[in-house]
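Report on the following structure.
Number of protein chains: 2
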Amino acid sequence: MYSFTEENYLKTILKLHLGGTQVISTNVLAESMQTKASSVTDMIKKLAGKKLLKYEPYRGCILTNLGKSVAVSTLRKHRLWETFLVNTLSFSWDEVHEIAEQLEHIQSDKLIRQLDAFLGFPKHDPHGDPIPQLDGKIAASPFFTLDQTKPQNQLVVCGVLNHTPDFLKYLSKYGIEIGSKLSILQINAFDRSIDLLLNEKQQLNLSNEVVKNILVQFTHQVA
Amino acid sequence: MYSFTEENYLKTILKLHLGGTQVISTNVLAESMQTKASSVTDMIKKLAGKKLLKYEPYRGCILTNLGKSVAVSTLRKHRLWETFLVNTLSFSWDEVHEIAEQLEHIQSDKLIRQLDAFLGFPKHDPHGDPIPQLDGKIAASPFFTLDQTKPQNQLVVCGVLNHTPDFLKYLSKYGIEIGSKLSILQINAFDRSIDLLLNEKQQLNLSNEVVKNILVQFTHQVA
DNA sequence: GGTCATTTTTAGACAAGTCTAAATATTTTT
DNA sequence: AAAAATATTTAGACTTGTCTAAAAATGACC
Ligand SMILES: [Mn+2]
Ligand SMILES: [Mn+2]
Ligand SMILES: [Mn+2]
Ligand SMILES: [Mn+2]
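Chains as they are written, first to last, in our numbering: chain A, 1 to 223; chain B, 224 to 446.
This is how it looks when you write it as structure tokens:
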């Protein structure tokens, strides 16, 4: 129905909306899509012609409900495939994004329904991001970042905000993954780094840059 | 590395080679690709330029070893994905071809290796076609068609030659699927139809048109 | 309110893949 | 061996998505 390129534009616009921006400017979109502003203008016009977004020249664009539904569906497919790659095919969380970028464009409603069922209707992908449901609803994340915590908090790692392979490999190297238990020992005021105990045995220090990209929740809760 | 279109051309040429044709003519390829001869000429020239096939103007083309390896890899991916869809996601054998046509172009060696392992290194796809192995070898089919059998033969259905959804649904309607047991009761000379016993309980008659598209082997053998 | 910097759009070009129509080569028929 | 039929290639055009360079609109500053 829609080309890979169209779906990628729509998904990127959706993510910018979800990031809190109402109207998406041409330059911001060009930056996000890693392309030129002139290319974006051309594509935006085409998408507007297909009623996928509202476009005001020199102002920017906003997804219509139609555009939003296409974008959410693509995001849902992306995150379900990432879950499949990690849970079923033993990939690590830093390897799956590129492959999911391809798989998210496979067209078959039944395929995604069956995949969802096979995976047990997961709520979150391997990076802790919510998987949009079949009805298009995207749950608000129940997690918070590690830099919003206090000493003595007992926490579980539930996701990350930075999705780059470098960051994910860095965490894996220290044994930090989804489900890891963290106890806050001390927050160092001078550099906002945190001393903590990982899985009740290993003590380590994480810089503020790392800490603000880790999503956690309290131990007693069940996601 | 190669575009979807290039991979589709290469895979189609490979199948024509496997069907026994040494040199593929422009018109035959156009027919197989459901496109025009002029488009084929353009594409063949491009593929020849990339050393994927040898092309002699007005004569036809033959895959090089490089072209063959790309084509075999695409065919392997197609058949592994079809197996995944049927074995893991509960699709029926008449629903998977279209989806596999998309999935076969996903680029990731590791993905296919992991999928193969997850599926238990299957030798045949849901239609009984051999799955090319990682080294590029395609096993000769150990099966023969139902019209090459004699009365009293005890057989197991192992595949089909006609892959159209219509034919596959027709077989499913009568309960004929991979693994079904067949006993030949009688071969009717006047129309070459066959009376047989399905799974030791149901008697039925299959036309020659159906019979020559069903692949079987003797009951005692294990594929 | 006018100038300047920035943002956005337009104009024109290109690559991939396709098509129709016309030209040319090959094969078959006489 | 020439004519007719068939197969193949070429020429020119179109679509999608991209780019660079130039033009136009917008917003900031004085
Ligand atoms: Mn991702
Ligand atoms: Mn993710
Ligand atoms: Mn198939
Ligand atoms: Mn098949």
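Beta carbons are placed, not taken as given, at the ideal position from N, Cα and C, and that holds for glycine.
C-beta atoms of residue i and residue j nearer than 8 Å
i                      : j                      : result
residue 300 of chain B : residue 326 of chain B : yes
residue 349 of chain B : residue 316 of chain B : yes
residue 149 of chain A : residue 176 of chain A : no
residue 37 of chain A  : residue 26 of chain A  : yes
residue 192 of chain A : residue 208 of chain A : yes
residue 105 of chain A : residue 7 of chain A   : yes
residue 293 of chain B : residue 369 of chain B : no
residue 128 of chain A : residue 143 of chain A : yes
residue 66 of chain A  : residue 52 of chain A  : yes
residue 390 of chain B : residue 422 of chain B : no
residue 85 of chain A  : residue 99 of chain A  : yes
residue 268 of chain B : residue 278 of chain B : yes
residue 401 of chain B : residue 295 of chain B : no
residue 410 of chain B : residue 355 of chain B : no
Residues of its chain near residue i, where Cβ-Cβ distance is below 7 Å and the 5 sequence neighbours each way are ignored
i                      : result
residue 232 of chain B : 256, 266, 270
residue 310 of chain B : 342
residue 225 of chain B : 293
Close Cβ partners of residue i (< 6 Å) along its chain, the five nearest in sequence each way excluded
i                      : result
residue 236 of chain B : 247, 286
residue 29 of chain A  : 40
residue 101 of chain A : none
residue 153 of chain A : 184
residue 272 of chain B : none
residue 169 of chain A : 94
residue 385 of chain B : 436
Close-in-space but distant-in-sequence residues of the same chain around residue i (CB under 8 Å, 5 per side omitted)
i                      : result
residue 426 of chain B : 408, 418, 419, 420
residue 165 of chain A : 94, 95, 97
residue 359 of chain B : 291, 292, 295, 296
residue 395 of chain B : 315, 316, 317
- Item | Sufficient close CB pairs (3 or more, under 8 Å) joining the stretch 432 to 443 of chain B to the stretch 374 to 388 of chain B | The stretch 432 to 443 of chain B makes contact with the stretch 374 to 388 of chain B, as at least three CB pairs between them are under 8 Å.
- Query: Quick one: complete alpha helix (DSSP H) runs, 4+ long, within the stretch 322 to 365 of chain B?
  - Reply: Taking only runs of at least 4 residues, the alpha helix (DSSP H) segments lying wholly in the stretch 322 to 365 of chain B are 332 to 341.
- Item | beta strand (DSSP E) runs wholly inside the stretch 172 to 216 of chain A, at least 3 long, in chain order | Runs of the beta strand (DSSP E) inside the stretch 172 to 216 of chain A: 181 to 188, 193 to 198, 202 to 206.
- Message: Is it the case that the stretch 85 to 99 of chain A contacts the stretch 329 to 342 of chain B, given that we only count it when at least three CB pairs across the two stretches are under 8 Å?
- Response: Touching, per the Cβ criterion.
- Message: In chain order, what are the residue ranges of uninterrupted alpha helix (DSSP H) at least 4 long that sit wholly in the stretch 4 to 86 of chain A?
- Response: Qualifying alpha helix (DSSP H) stretches, in chain order: 4 to 18, 26 to 33, 37 to 49.
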